[in-house]
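Student:
In our numbering, the protein residues as written are 3 to 557.
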């Protein structure tokens, strides 16, 4: 057990290079922690208000335990989806796999340590999704010491079962197929599968929770027919969630202790299954995983001439960055694809609702009037800025190079041009997101041509602004010491800074326009002028100070 914990500590330390170990980096760590806390406060407050309202409604029906069951089920699905990606990254595609195999470690030690690393990542997911629910439920129900003790134990146990399920699925697939050696393709397929699974689950939930009169009457009959009927309904997808909910519902009683014990045994049994299956499948599937698969073909003179073109240094480096975003699965899923999918995914929950037509009609009615148009433009601008902030292309532009960043210093390109080439892909992808969201709004809300023109005119400076902020963040806090591409983007905390700036900028714009009462034309002109000036100022700062910041970047 000591070897497992020691190896886990080493693996976590290697994966945690974002926090830095260099002298003088303490202020950066403190700034990072503060940014994370500030960024999470609005989301946590919104979650607490929503959970509190749900508790009050369910308490009137005597079905408040369903809230716990629903929370555990949603968290379990999220952990399973993320678990597929984490298991691939930690177990198969990290650079330490073949270094650990020759060491005097038993297979169980390696399996256990890697599982703990993946579990730590999942605890972060559970903390964001399950933490507010457990605390809010405890406050609303008047839970005592035993409730919070049980809540902590259940919080620690909940991620184990779905993570084991994800690990077994991945190990079976990697053992009995050869696709693992085509790692880039497999990462892409698995990432798309996880996205489709999450979106499908979300659409099913939206469809079921927006039912009409008939479904409401059926639900009332179900509630009246049996105790904890809603709990049984919401935990059908993940039955173990029912045990966790019942353990917390009447914490401190002998019956709740029994439910907790059974839930603990389920988690222990799943761990045993993981170790047995992993010992049989993992090492056979991971051997030779670092071997590359390539197609060998002869390139003729004509084809070679098409491949080799003379371009400017700026354009050549831009194309290098652009192709890396499309060809590297981790970058494609988290940067390129997110810029295209986020506007589309934002639309799906609305279309999945049975009452979507009524909601759209009410929304169209609120857009009438000159001042309403100005506020709508401010909201659209804030949405465009947030889309740019959610796209992590620019805010990870330096980090994505990893140790190869230092090779950039030998290239015959000006530092200013290098920074500009790195920020251009993010601006392009954010602009695509903006146009997609605007096209959806035109389709659903029948926006006027004037509004569309002003929205595009204001949105472009906003998109450029958030991407310039992103590259500045990554210049000061680059994550270069990663062992897999996924760490550079998915385990990089820099996007939180960009998200925080986007929230503040978008929020201030909406509040200011709401109180100013300006016309649509004045609002558009003011936003364009303000953010064009901000863009020019940040660009001049990058040109003047950027080369010096690049030189100061250390490993």
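The C-beta atom is built at its ideal place from N, Cα and C for all residues, glycine as well.
(1) Is residue 399 helix, strand or coil when you go by DSSP?
(2) Which first and last residues belong to the alpha helix (DSSP H) in which residue 65 is found?
(3) Given that a residue counts as buried once 16 or more other Cβ atoms are within 10 Å of its Cβ, and exposed if not, what is residue 476?
(4) Once DSSP output is grouped into helix, strand and coil, what is the label at residue 495?
(5) Please state the DSSP three-state secondary structure of residue 394.
(6) Evaluate residue 251 with the Cβ neighbour count: other Cβ atoms within 10 Å of its Cβ, from every protein chain shown; 16 or more gives buried, anything less gives exposed.
(7) Which residues bound the alpha helix (DSSP H) around residue 448?
(8) Mind checking residue 274: buried by the 16 CB within 10 Å criterion, or exposed?
(9) Rounded to whole angstroms, what is the Cα-Cα separation between residue 148 and residue 254?
(10) Pick helix, strand or coil for residue 147, following the three-state DSSP scheme.
(11) Rounded to a whole number of angstroms, what is the C-alpha to C-alpha distance between residue 216 and residue 382?
(12) Taking the C-alpha atoms as reference points, what is the distance between residue 400 and residue 482?
(13) What's the call for residue 379, buried or exposed, on a 16-neighbour Cβ count within 10 Å?
(14) If the criterion is Cβ atoms closer than 7 Å, does the pair residue 429 and residue 466 meet it?
(15) Take residue 93 and list the residues in its own chain whose beta-carbon comes closer than 6 Å to its own, dropping the five residues that flank it on each side.
(16) Report, in whole angstroms, the separation of the C-beta atoms of residue 57 and residue 123, which I expect to be a contact under 8 Å.
(17) Report buried or exposed for residue 556, applying the criterion of at least 16 other Cβ atoms within 10 angstroms of its Cβ.
(18) Please return the same chain residues whose Cβ sits closer than 7 Å to the Cβ of residue 136, not counting the five positions on each side in sequence.
(19) Exposed or buried, residue 497, counting other C-beta atoms within 10 Å across all chains shown (16 or more means buried)?
(20) How far does the alpha helix (DSSP H) with residue 2 in it extend, from its first residue to its last?
(21) How many angstroms separate the CA atom of residue 529 from the CA atom of residue 472?
(22) Between residue 335 and residue 345, what straight-line distance do the alpha-carbon atoms span, to the nearest angstrom?
(23) Report yes if the C-beta distance between residue 337 and residue 396 is below 7 Å; otherwise report no.
(24) Counting C-beta neighbours from all protein chains within 10 Å, is the total for residue 88 16 or more, i.e. buried, or is it exposed?
(25) For residue 244, is the classification buried or exposed, using 16 other Cβ atoms within 10 angstroms of its Cβ as the cut-off for buried?
(26) Tell me which same chain residues have a C-beta within less than 6 Å of the C-beta of residue 221, skipping the five on either side of it?
(27) Taking C-alpha atoms, which residue in 277, 424, 111 and 256 lies nearest to residue 326?
(28) Report all residues from its chain with a CB closer than 7 Å to the CB of residue 131; omit the five preceding and five following residues, and keep chain order.
(29) Beta-carbon separation of residue 545 and residue 464 under 7 Å?
(30) Relative to the C-alpha of residue 125, which residue among 84, 91 and 108 is closest?
(31) Using a Cβ-Cβ cut-off of 7 Å (strictly less than) and excluding sequence neighbours within five positions of residue 226, which residues of its own chain qualify?
(32) Taking the C-alpha atoms as reference points, what is the distance between residue 457 and residue 526?
(33) Can you have a look at residue 517 and say buried or exposed, based on whether 16 or more other CB atoms are within 10 angstroms of its CB?
(34) What do you get for residue 341, buried or exposed, if any count of 16 or more other CB atoms within 10 angstroms of its CB means buried?
(35) Quick one: residues in its chain with C-beta nearer than 8 Å to the C-beta of residue 418, no 5 flanking neighbours on either side, listed in chain order?
Tutor: So, from the listed chains and residues:
(1) coil
(2) Here residue 65 belongs to no alpha helix (DSSP H), and DSSP marks it neither H nor E.
(3) buried
(4) coil
(5) coil
(6) buried
(7) Careful: residue 448 lies outside any alpha helix (DSSP H) and carries neither H nor E.
(8) exposed
(9) 6 Å
(10) helix
(11) A caution first: residue 216 carries a pLDDT of 47, below 50, which makes its placement in the model unreliable, though a value can still be read off. Cα to Cα, residue 216 sits roughly 36 Å from residue 382.
(12) 8 Å
(13) buried
(14) yes
(15) 116
(16) That pair is no contact at about 29 Å.
(17) exposed
(18) 153 and 157
(19) buried
(20) No answer is possible for residue 2: the residues shown for the chain start at 3 and end at 557.
(21) 20 Å
(22) 15 Å
(23) no
(24) buried
(25) buried
(26) With a pLDDT of 48 at residue 221, under the threshold of 50, the predicted position of this residue should be treated as unreliable, and no value is reported.
(27) 424
(28) 76, 77 and 80
(29) no
(30) 84
(31) Because residue 226 carries a pLDDT of 47, less than 50, the predicted location of this residue cannot be relied on, and the following value inherits that uncertainty. Once the five neighbours on either side are set aside, residue 226 has no close Cβ partner at all.
(32) 7 Å
(33) exposed
(34) buried
(35) 544, 545, 548 and 549
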